[in-house]
Structure formats: structure tokens, C-alpha cells
Amino acid sequence: MWRHSKASVIALTSTDILRLVCAHQRGLHEDIVPFLRLVSLSYVSSQHRPAIDAVLSSWLNCDPQTVDRLPLAVDSLPRAATAIAEYAAFHGRLDVLDRLSGVISAHMVLCDLAASQGHLHVLHFLHAHSGFLDGRWHRIKDSTLEAAAAGGHIDTLDYLMDTYLAPPGIGGMEGAGRRLMEMRCLTIAIGGKHEALVRWLAARMQATGNVDPLVGLLDLMPHCIADMASLPSQLLPFGCLGTIRRIFAMLRHGDDRRSAKLRCLEAATDKYCVDIMRWVVGQMDRVDVRRVLCDHPRGFLALCKASQLQDDATIAFLQAQGVGSFAC
96 MWRHSKASVI
106 ALTSTDILRL
116 VCAHQRGLHE
126 DIVPFLRLVS
136 LSYVSSQHRP
146 AIDAVLSSWL
156 NCDPQTVDRL
166 PLAVDSLPRA
176 ATAIAEYAAF
186 HGRLDVLDRL
196 SGVISAHMVL
206 CDLAASQGHL
216 HVLHFLHAHS
226 GFLDGRWHRI
236 KDSTLEAAAA
246 GGHIDTLDYL
256 MDTYLAPPGI
266 GGMEGAGRRL
276 MEMRCLTIAI
286 GGKHEALVRW
296 LAARMQATGN
306 VDPLVGLLDL
316 MPHCIADMAS
326 LPSQLLPFGC
336 LGTIRRIFAM
346 LRHGDDRRSA
356 KLRCLEAATD
366 KYCVDIMRWV
376 VGQMDRVDVR
386 RVLCDHPRGF
396 LALCKASQLQ
406 DDATIAFLQA
416 QGVGSFAC
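Residue numbers (our numbering): 96 to 423.
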């Protein structure tokens, strides 16, 4: 009756009728009633999750026997199966997923939710029980790895990369996909200020020769510095400079660090970000500083701007680096 008859619509929208009908169906009465508070949705977005989580948390935790009745409840309320499975993946409820494994088919959203919370045991379960998660490199969504990176979960990301990405020795499209995904995860980790994950990813990438993306991150610096340059000076040093320091910390090899410093000083000078200029100059050899500031018009232009702004401290700083001692 519940799945096919139109009477189910009437029963599920009327508490009195529902109680009367459920009274004759052992084990379902109290399991169905909580779902009256939920709106039927074909797609569950993040804005609906708090309400759904509140109902499911209360329902699953009120009676230890609820988990054992899950297959029967889901059979009677098939549209609730997805919401229950997503709740279980997000909260690491392997006992719930285990009861549902023979009732519903897992899908990629479950992997995203488990990865976002670092539930490695759930990912192992999904890998073992889901037909579409067979360990092939192309059989996992990018969003799953990105979710793990956004949460800063090193163990989870390590498992996903080793299981689903092509190994370092593989070339072609698979190898390029692995290198690109490593860079995307690194960028996400930097944005989320997950310091431990940043260091782990940087070490992993350098160990496999994937160094270019690390230096390539410095392409973001001119945009970052340009945004910061429009803010009041007292707000400048932290966000942008902190990001730059994290990127420098990833670069172990001398040539990479030297290239990074040159590019950073060029961008900071062009945007007249004095705090960043001072910090980078303190990290560089004098020959490279003169190359950026004295052998190119940017040093002269920065000195002109300092003179126009009557910024005596910056004038003295630039002159100390060898930029011509003159006024514009």
C-alpha cells in the first residue's frame, strides 16, 4: 500500500490517519511519524541539512533498535533512503550505512560528505561495497578530493590519492590529471590555512617531481597583491604576506626559491606594497634585488610614487637598495 496506492499520500499527510494505519503495521509506527516534519525533496541542499539532521539524530538515537528496523522503514519510505544515507556518511555512522547497503545504491555524494568530515572508515566501506568505486583512477569525482582538502584531512586525502589517482610514474592524461589535482588541493589547503596539509602536499609533490605547480602558485601573487593594495595600509601585512610566506615555505630547492622571490618582489614593487617589498628584500641576495629594482624602470617608478606621497621611509629604503637618489 505504501509504495503504490494513492491512499499513502493521504496517510502520510494526516497524523491521525497515519497513527491508525501504522497501528496495524508492527515496527513502523514510531519510525514513520518523525518524517512528517520533513518536506519531500528531490534534491537536498546544504540549507536543508540542519533540519534533516535534527530529525534523523533524534530518531536514530532515541531507540537502539531503530538501526535494526532501517531496511523495513526505508522500504516503506523509499524517498527517505537518500537523506538517511547522506546523514550517515556525514556523521560517520557506519552502522547505519551497513544496514542500508542491501537496500540502496551508494552514490558519489556520500563520498563527498564522508571526505569533508575526514571519515576514512566510511570511505573504506563505500569503496568495498559500491560497484562504481572500483579503484580505477577515473572513477572518483574531483569534488571528493577537494572536500578532503577543504577540511584539512591528511589521512583521508592520502587514501583518496593513493587509491584513485594515477601513480607518479604514469604519464599521459592520467599523470597530468594527478598533477593538476595535487595543485588544486594545495590551493584549497592554502586558502583554508591548513598548515599541516600544505606541508604534507608540498613534500608529496616535490618527492614525485611535481614542482612546477608549486612555483606556478606564485602566478596568483600579483592578483593577491593588487587586491591588498587597495586596502588601508594598516590592513596590508597579514592576509597577503601570510599567504606568500606559506608558499615560500613549500619551496625547498634553491632555484625555485630564487625564482619565487624575484617574481614576488616584481609584483610587490609594481603594486607599491611596501611591507611585502621589505620582507622579500630581506630574503634575497643583493644582486637579485638590484636586478629587480635598479635594472628595470619599476624601481624608479616606485621611488617617484614614494616622493609624491612624501613617504620618507620608503624613499630611504629604496635608496638603500641602490635605486637612484633623486626626486620626481
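Cβ coordinates follow ideal geometry from the N, Cα and C atoms, glycine included.
Check, Outcome
"Whether GLN212 touches PHE185 by CB criterion (8 Å)", "yes"
"Extent of the continuous alpha helix (DSSP H) run through GLY246", "237-246"
"Ranges of the alpha helix (DSSP H) found wholly within the stretch 132-211, counting only runs of at least 4", "144-157, 165-171, 175-186, 189-195, 203-211"
"Contact check, ALA43 vs GLY287, beta carbons under 8 Å", "The structure shown has nothing for residue 43, since the chain only spans 96 to 423."
"Close Cβ partners of PRO332 (< 7 Å) along its chain, the five nearest in sequence each way excluded", "Reliability fails at PRO332, whose pLDDT of 38 lies under 50, so the model's placement of it is uncertain and no value is given."
"Backbone secondary structure at VAL369 - three-state DSSP", "helix"
"Nearest candidate by alpha-carbon position, reference ALA209, set SER196, LEU189, VAL376, PHE343", "LEU189"
"Test item: CB-CB of LEU255 and THR239 under 8 Å", "yes"
"8 Å Cβ shell around LEU413 - same chain, five flanking residues per side excluded", "LEU388, GLY394, ALA397, LEU398, ALA401"
"Alpha-carbon spacing of THR364 relative to ALA408, whole angstroms", "15 Å"
"Straight-line Cα distance separating LEU292 from LEU155", "34 Å"
"Span of the alpha helix (DSSP H) around LEU396", "392-403"
"Reduced DSSP secondary structure (H/G/I, E/B, other) of LYS288", "coil"
"Under 8 Å between C-beta atoms of LEU165 and ARG194", "yes"
"GLN414 - containing alpha helix (DSSP H), residue span", "407-415"
"Whole-number beta carbon distance between HIS289 and GLY247, since they are thought to touch under 8 Å", "3 Å"
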